[in-house]
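Quick notes on the structure that follows.
Number of protein chains: 2
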Amino acid sequence: MPTDKPVLPALYNTLAARDTDAANFVALTPIAFLSRTADIHPQLPGVVYNDQVHTWSQTEQRCQSMAAGLQSLGLAPFSTVSVLAFNTPEMFEAHFFVPLSGMVLNTINTRLEADTISWILDYAEAGALLVDRELLPQALPGLRAAKAKGNDIKVILIDDANANEAPAIPEDIQCIRYDDLLAQHSRNREQYLPTTVADELAPLSINFTSGTSGRPKGVVYHHRGSYLMTLGTIAGWAVPRHPKYLYTVPMFHCNGWGHVWTMTAMAGTITCLRYIQPTHVFDLMEQQKISHFGGAPIVLNMLANDEAAPTRLNPQNTVNCMTAGAPPPATVLAKMQDMGCEVMHVYGLTETYGHILQAEPQPSWQQKSAGENAELKARQGIRFPMTDAVELMGSDDQPVPADGETMGEIVIRGNTVMTGYLKNTEATDEAFRNGWFWSGDLAVRHADGYIQIKDRAKDIIISGGENISSIEIENALYKHPGVGEAAVVSMPHDKWGETPCAFVQLRDGQTATEEELIEHCLQHLARFKRPGKVIFGALPKTATGKIQKYELRKKAEKLAG
Amino acid sequence: MPTDKPVLPALYNTLAARDTDAANFVALTPIAFLSRTADIHPQLPGVVYNDQVHTWSQTEQRCQSMAAGLQSLGLAPFSTVSVLAFNTPEMFEAHFFVPLSGMVLNTINTRLEADTISWILDYAEAGALLVDRELLPQALPGLRAAKAKGNDIKVILIDDANANEAPAIPEDIQCIRYDDLLAQHSRNREQYLPTTVADELAPLSINFTSGTSGRPKGVVYHHRGSYLMTLGTIAGWAVPRHPKYLYTVPMFHCNGWGHVWTMTAMAGTITCLRYIQPTHVFDLMEQQKISHFGGAPIVLNMLANDEAAPTRLNPQNTVNCMTAGAPPPATVLAKMQDMGCEVMHVYGLTETYGHILQAEPQPSWQQKSAGENAELKARQGIRFPMTDAVELMGSDDQPVPADGETMGEIVIRGNTVMTGYLKNTEATDEAFRNGWFWSGDLAVRHADGYIQIKDRAKDIIISGGENISSIEIENALYKHPGVGEAAVVSMPHDKWGETPCAFVQLRDGQTATEEELIEHCLQHLARFKRPGKVIFGALPKTATGKIQKYELRKKAEKLAG
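So the protein lines, in turn, are chains A and B. For what it's worth, my numbering labels the leading residue of the first sequence as 560, then goes sequentially. For what it's worth, my numbering labels the leading residue of the second sequence as 560, then goes sequentially.
Now the structure itself:
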């Protein structure tokens, strides 16, 4: 603990060593929620996937059996178990059986290219890989490279009949099928492992962040953090009993925003889906009477604008949606609302176990117009219950005023801040300073305390001494009907130091000129914020679909030079 | 922590000392929820009492000011601040400002006699006493005794205009009025103390248990336990946003079952009431649109059977009620249900911060009859989310089978088990054994895992080698229309070792003979469980209304001898 134990009065002398008895001190771990839910609601459906329905009792039995199976592979305690999989039941179960077996879960972004996956397997020192057959080709170079180095990574294969493709399994790769390992190590209640851990601060998972440049960084979570994330999300999102949850968020993102554990704790029904396809999502929403889901704004966008979008997502009840990332456009929010969806915007980073700010709805917002509501809800909000403190630090390391204008860097303190970056002291040191985790995101605080992101620290444009938010210009550009995608970066400028340079991809069949877009921006922005230049064309992106601003910055520099 | 840190692979070497940075390790404390709620919902009503309404911002300001006021009295850190008060706003606020000031909260049962109060003030080494003027006479002997010993306890007086009585303040007692202390130390946001603590295992409160014999024991709670109690209650009871809570549970019982902090975390509105009087409760339920309250079965009984009972407790919505203690009779449960009240039965002890088992409703119960539901809901249930494990231990220290018949002692493990008894190593040692806290309560586990209390260990009757639950016989007696109150204890018996002896107080105007009641019991119980003797008359009780079985046991022994 960061501070020494305080000195207590003599009154407490006889209790000095009493606070860590096995009866009154239990290490916090989110895997304990599975055991409780399976005990209480054994017959309720826990995990649903196409025609598979596993009750909570079956889910527990599968996880316990797989933990035994994993232990049988002869790996050392705390070995890294990497996972490259879609949102199928096996992926869900891995969030319990990997820690249950005493090992550490490392889910990998399925959109990454083979080279980065290979790098991750090597960097995280993976002892085993749980891989979906369709994704096996992406993992092969990594598996072979490890083998060549003498590390024969154990491969557990998810061979899903619902897969679009079933690539051949090369002869040089030894795999055991998930279902076989499960069947071979089938366990009954008397043989179950305890869902306890020795140390709540020991590693639970490693989540690699896909930065927009360079190699990803391995963010380490511990059991205490994920336990508090679970309970804090229940309180902050006011999750009711038995939520019907649709797993649209990839579980490889911050352990699916921790919802694996949250929905288990509330004895929900978790509907898995392999591919995100709007009509399938709409069907599941109605069939499964979905009450909760999460998704990036792009998912909301896709749902709201799909031709097959139903009048109501689920005619039975309100659908609660947690969304994170850039704020969804007001029109999308309004459309989702019309479809019976209550959207809560949140903010977080891989480094903070996912969401730590939430646009908590205010009772007073109910009297406001749809437009005002969209504005209010588009902000990232206030701290979740498990988040101790969030401040916006100005350049003097002092909190900025809550004036809705002065930008500061978001700094965070709480038990859901990562332990640090794996094998990367430099990056860890840079992230932790003065008792805060420094997010690199710039934001303003409004008078009501709600935080609104303005930019990544490195994406800010400083023109004539004025800070300009690239997001603000992008938002203005998006209001033009012709703009499909937009990204704004700084461009060196002789007079002003920097000036905004906009890269725009027009919608199919739409046209717009540079002058037209600059003129359009002037309708929405102060003059000094207008783009100095607009360049048309496709935008470069990372494997995860993030726009590579550093590539654009290089282009802008060349154009200026 | 109970175990040493596990050895991690070299992969984690650079993170070895990283898990307790000020940014990623924050000591858990329930007082942090006040700061969050006041930040987010400053204008929502927080605490309501007659014509007083304090918003959350005002409540925070009052607590911060009182913490400063308390600190001004010159007490050492972790000094005991005793409180003898009704459920008024001051009592609520003490749950925040006492720990905020760095001191330890000791709420005292208002029904205790002056002698015991005096003993508690001395035993807990009270440095200050927050006392309601109406209760001052009960505290005077203790204050004077302390003064005589050279410990001049600081007295803070709650002088409530709503009190039934305002006894004179003796000249030898120096008091400062609550409102004066508050006004003298009024603080603004810039001066607020941080709602953080250095050590989550440091004492937060002392709650004396009123045993049925001997001096009470001082149960010590820590910040971590109460924080987890708060979040675990939100998850277990599925508390929604902004609950409208009526504080019928005395806050001196396990810190009001922890609901002070729970309702604060969910930004509820807490309605205080000084005296429990059915028509006043009904009025508040409707006026304040109450959605949640807690109460002993006697309170439900009183409400359900009151002449002025309305058709619906609150016509606007369901009222959720948490009840603890003896199971409410089926007729009371049915009546409450009819009045729009959803009752959840829980079990806990002062030693476990309050509730740790809950009769979690099963979706399948909705198809059952009202009678079956009452039976199912009358059980104490399964563990709350923050409770790690609950077992029923047989005489061989092994868990008993879940057959609904075999009794075992309830043992508990979890972070909401007390640190221990203050200055009482013997009692603490007795309560903690083999990694469990031993409750002294005997129960059975049903096939569905739900636990049902049968008796206190020391109240069990062993007749001819068979265990007989005194509660079972009492329940049978209560089914007789003439029985107002009943208590069964063991009576020495030449042949059987022990035999049940029933003490019965008849309802006003009702009659029944010994033979009639024994015959009645035979309709409901196995022959060997029938009372060997029935004695009529008023039952002796403690200050808190508990029947003094040890007095009855003495009587029974005399009668047998």
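All C-beta atoms, glycine included, are put in the ideal place defined by N, C-alpha and C.
Within the segment 893-913 of chain B, no residue places its CB atom closer than 7 angstroms to a CB of chain A. Rounded to whole angstroms, the gap between the alpha carbons of B/Val1048 and B/Ile667 is 29 angstroms. A/Val976 belongs to the set of residues whose beta carbon lies under 8 angstroms from a beta carbon in chain B. When the Cα atoms are used, B/Arg938 and B/Pro888 turn out to be separated by approximately 11 angstroms.
Only residues of its own chain outside the window of five on either side were considered, and among them Ser660 have a CB closer than 7 angstroms to the CB of B/Gln630, listed in chain order. Contact between B/Gly686 and B/Thr618 fails: their C-beta atoms lie close to 24 angstroms from each other, not under 8 angstroms.
Runs of the beta strand (DSSP E) spanning 3 or more residues and lying entirely within the segment 827-895 of chain B occur at 828-830, 851-854 and 878-883, in chain order. DSSP places A/Lys803 within a strand segment (E or B) once states are collapsed to three. In this structure, B/Met662 sits away from B/Phe645, with a CB-CB distance that is not shorter than 8 angstroms. Secondary structure at A/Tyr786: helix, using DSSP grouped into helix, strand and coil. Assignment of beta-bridge partners to B/Leu1098 by DSSP yields no partner. Within the segment 983-1005 of chain A, contact with chain B at the beta-carbon level (separation under 8 angstroms) is assigned to Asn983, Thr984, Thr987, Phe991, Gly994, Trp995 and Phe996. Note: A/Trp995 is bridge-paired with A/Arg992 in the DSSP secondary-structure output. By the C-beta density criterion, A/Trp820 is buried, having at least 16 other C-beta atoms within 10 angstroms. A direct Cα-to-Cα measurement between B/Ser1022 and B/Gly1096 gives close to 25 angstroms. In the structure shown, A/Gln917 falls within a strand segment according to DSSP collapsed to helix, strand and coil.
In the three-state scheme derived from DSSP, where H, G and I count as helix and E and B as strand, A/Val949 is classed as strand.
Contact note: A/Gly979 reaches chain B through Leu574 and Arg577, using a C-beta cutoff of 7 angstroms and chain order.
For the pair A/Met1050 and A/Glu1057, the CB atoms are nearer than the 8 angstroms cut-off. In the three-state DSSP reduction, A/Arg1004 falls in the strand class (E or B). With respect to chain A, the C-beta atom of B/Gly1008 has a partner C-beta closer than 8 angstroms. The criterion of a C-beta distance shorter than 8 angstroms is satisfied by B/Met650 and B/Met810. Taking a cut-off of 8 angstroms for Cβ pairs, the segment 667-680 of chain A and the segment 695-706 of chain A touch, as three or more such pairs fall below it. Cβ proximity to chain A below 8 angstroms picks out nothing from the segment 640-655 of chain B. Burial state of B/Gln917 is buried, judged by a 10 Å Cβ sphere holding 16 or more other Cβ atoms.
Of the other Cβ atoms in all chains shown, 16 or more fall within 10 Å of the Cβ of A/Lys936; this residue is therefore buried.
Using a Cβ-Cβ cut-off of 7 angstroms, A/Tyr571 is close to Pro762 of chain B, given in chain order.
Proximity to A/Asn814 across A/Val779, A/Leu593 and A/Arg800 peaks at A/Val779, based on C-alpha coordinates. A buried status is given to B/His818, since no fewer than 16 other beta-carbon atoms sit within 10 Å of its beta-carbon. With contacts defined by Cβ atoms closer than 8 angstroms, A/Lys1092 and A/Ala1061 form a contacting pair.
Put simply, the backbone Cα of B/Arg800 is about 18 angstroms away from that of A/Met822.
Taken in chain order, the members of the segment 927-956 of chain B whose beta-carbon sits within less than 7 angstroms of a beta-carbon on chain A are Ile941, Arg942, Pro944 and Asp947. By the beta-carbon neighbour count (other beta carbons within 10 angstroms, threshold 16), A/Gly795 is buried.
With respect to the C-alpha of A/Ile915, the residue from A/Gly791, A/Val959, A/Asp691 and A/Met895 having the closest C-alpha is A/Gly791.
Burial of B/Thr828 is indicated by the presence of at least 16 other C-beta atoms within 10 angstroms of its C-beta. Just measuring C-alpha positions, the residue of A/Ile969, A/Asp1053 and A/Asp947 sitting nearest B/Leu593 is A/Asp947.
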